[in-house]
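Worksheet: one structure, shown below.
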Amino acid sequence: MSLDKATVAKIAHLARIKVPDEELESLAGELSQILTFVEQLNEVDTKDVPPMTSVAAQKLRRRKDEVTDGGYAAQVLSNGPETAEGFFVVPKVVE
Amino acid sequence: MTALTQLTMAEALDGLAKKEFTAVELTEAHVRAVEAVRPFNIFITETPDAALSMAKASDERRAKGEAGPMDGLPIAVKDLFCTKGVATTAGSRILDGFTPEYESTVTSQLWRDGAVMLGKVNLDEFAMGSATITAHQGETVSPWSPGAPGAWERKIVAGGSSGGSAAVIAARAALGATGTDTGGSIRQPAGYTGTVGIKPTYGRCSRWGIVAYASSLDQAGPMTRTVEDAAIMLRSMCGFDPKDSTSVDMAVPDFRAALTGDIRGLRVGIPKEYRAEGLSAEIAALWDQGIAWLKEAGAEPVEISLPHTKYALAAYYIIAPAEASSNLARYDGVRYGLRVEGGNLKEMYENTRGAGFGKEVQRRILIGTYVLSAGYYDAYYNKARQVRTRIKQDFDEAFKSCDVILTPTAPSTPFAIGEKMDDPVQMYLIDVFTVPVNLAGLPAMSVPAGLGADGLPLGLQLIGRPFDEETLLRVGHVVEKAANFTATPPFMG
């Protein structure tokens, strides 16, 4: 599998990572190497094999639907790069 | 008296109980050792003041007869565990300035049991790597590197991603350290530094408060200088935690009691597929030696087959990046860490993540994004999860004819910083013997077994049945005794 520059640019956009144009070429090469490496999985017969969803032999636990935590907005916000009046501040998203 | 930093945890507990020294004295000796090993770049954050006040509190508890199972033991914490009030970086610029308001479950249990925190140690960025060379804070140099600190003849890697944890113990600057293991990140650095490391069964240790890499594979574990110490520390780290949905509600045994030395009649599986190409002659010989040691102790080696071994890495390099791409979506410049402004919200995200993540982390997020994207999900991600089922079935089948499995920890000896860095796939191959264990969720440990011709440590890996850490420790203890690994890093003279 070989990825071209345009595909890498598209993935980078989906992943919200800014990749400078001059790095797209070498990144395409590295990612293609990895994808070529993983293609050996096609040799494995997986007909009727269920995809693993959990390695532990247990079901997800259920709990009562009740509030057990919270009430400390100041602590939640304490690491925010920009906050105001109990909220995180982000650039304007509505035109 | 032996220098306090040379003691094992078991010896230190004994000395504290007999009042031969205090927790403050033990901690002061380690704080000085932490300063002395600065050239190796092991610590991201040193916390000497916290250490001394914790040690003082420990002495007070002991005086009142309330000492816990790890009371007064100075340890280091991989900088992937959130520690309340102490910066937690995951080795990444994107967590610049992040100081958690909460404590991870595993570290809180260690403090509950009396351990003393010396500081936070280096790792590969977000635990993605096998050498501890990708952190924003720089690379860690193995204490085993030949030459004087700072003027090494060859800078050797400490392994990774828990390389700081491995290095700090090997350098005698902590009695133990926490690690995490997603594809070998405890066992491989333990093997590379002549230390002991355990990756417990998936679900044994809570993942709550640990910066996530690949949640279905991540597991915390202890790193120490002896198997007995690993048993002591493991007991404090394990336990059910309702805050982690995959934590298993099971009693935690007294692991130390498992070290009986008696392995007579135990069947030790030797997987034939691990003799594959890439295994150095030296390591093959060490493996044979390990088999001979266990045979002498009364165990019975049996050949087993793990036919899908060769596909484990490929499955891992789909599953782990897929989970990482999802887990690392949270670093967006809004709630914590770095923010790099942009013209609008989308640009701010892209600028922040472009500047905040290092190259290897970006590569893995991009691969993960690709394999999960529309049209490729079945071909890559589902296929990998089917192969993962196969790998688990291999182990289930093998454990019908054996009780524990013995393999080398890594296929080659530790390499120098700068080697194996051009081709990401080459670096991935180092984890060929450790990755299958994470995919199958099994417990495994690395025990120091000898030195290679280059004077660098080599480890043997033991793999156990789910939740059978006790057999693992019992056999590891026998290997440890037979190997009698007493070598110390060259800088210690």
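In order, the protein sequences belong to chains A and B.
Quick note on the UniProt record's numbering: the first sequence kicks off at 1 and runs consecutively.
Quick note on the UniProt record's numbering: the second sequence kicks off at 1 and runs consecutively.
Positions of the beta carbon are idealized from the N, C-alpha and C atoms, including for glycine.
Relative to chain A, which residues along the region 382 to 406 of chain B have a C-beta separation below 7 Å, given in chain order?
Asn382, Lys383, Ala384, Arg385, Gln386, Val387, Arg388, Thr389, Arg390 and Lys392
Since I believe A/Val38 is in contact with residue 494 of chain B (beta carbons under 8 Å), could you give me their beta-carbon distance rounded to a whole number of angstroms?
In the structure as shown, chain B begins at 1 and stops at 493. Residue 494 of chain B is therefore absent and cannot be evaluated.
Backbone secondary structure at B/Trp287 - three-state DSSP
helix
Tell me whether B/Arg330 sits in a helix, a strand or coil according to DSSP, three-state version.
helix
Is B/Ala36 a contact residue of the ligand FMN, with contact defined as CB to any heavy atom under 7 Å?
The ligand FMN is absent from the structure shown, which contains no ligands of any kind.
Under a Cβ-count criterion, where at least 16 other Cβ atoms within 10 Å of its own Cβ denotes burial, should A/Ser54 be classed as buried or exposed?
exposed
Can you give the Cα-Cα distance for B/Arg32 and B/Gly455, rounded to whole angstroms?
27 Å
Please compile the residues from chain A whose C-beta is within a distance smaller than 8 Å of the C-beta of B/Asp353.
What sits at residue 353 of chain B in the sequence shown is Arg, not Asp. The answer, in chain order, is Ala15, Arg16, Ile17 and Lys18.
Please name the residue in B/Arg207, B/Pro414, B/Ile198 and B/Ala148 whose C-alpha comes closest to that of B/Glu228.
B/Ile198
Please name the residue, chosen from A/Phe87, A/Thr68, A/Val67 and A/Glu66, that lies closest to A/Ala74 on a Cα-to-Cα basis.
A/Phe87
Is A/Gly80 close to chain B? Criterion is C-beta to C-beta, closer than 8 Å.
yes
For B/Met1, which residues from the same chain have a beta carbon less than 6 Å from its beta carbon, with the 5 sequence-adjacent residues on both sides left out?
Only weak support is given to the placement of B/Met1: the predicted model assigns it a pLDDT of 45, under 50, and the value that follows is read from those uncertain coordinates. No residues qualify anywhere along the chain.
What residues in the region 408 to 440 of chain B bring their beta carbon closer than 8 Å to a beta carbon of chain A?
Asp423, Pro424, Val425, Tyr428, Leu439 and Ala440
Touch check for the region 72 to 88 of chain B and the region 5 to 25 of chain B: three-plus C-beta pairs under 8 Å?
yes
Does the Cβ of B/Val211 have 16 or more other Cβ atoms within 10 Å, making it buried, or fewer, making it exposed?
buried
Scan the region 74 to 160 of chain B and note each continuous alpha helix (DSSP H) run of 4 residues or more that stays entirely inside, going in chain order.
105 to 112
Name the one or two DSSP bridge partners that B/Arg267 has.
B/Glu300
At the level of alpha carbons, what is the spacing between B/Phe399 and B/Pro253?
22 Å
Would you call B/Arg235 buried or exposed, if buried means 16 or more other Cβ atoms sit within 10 Å of its Cβ?
buried
Pull up the CB-CB distance for B/Thr471 and B/Asp403, whole angstroms please, since I reckon it's below 8 Å.
6 Å
Is it the case that the Cβ atoms of B/Glu273 and B/Pro307 are separated by a distance below 8 Å?
yes
In this structure, does DSSP put B/Gln461 in helix, strand or coil?
strand
Kindly indicate the opening and closing residues of the beta strand (DSSP E) around B/Met223.
Gln219 to Thr224
Are the Cβ atoms of B/Ala483 and B/Pro448 separated by less than 8 Å?
yes
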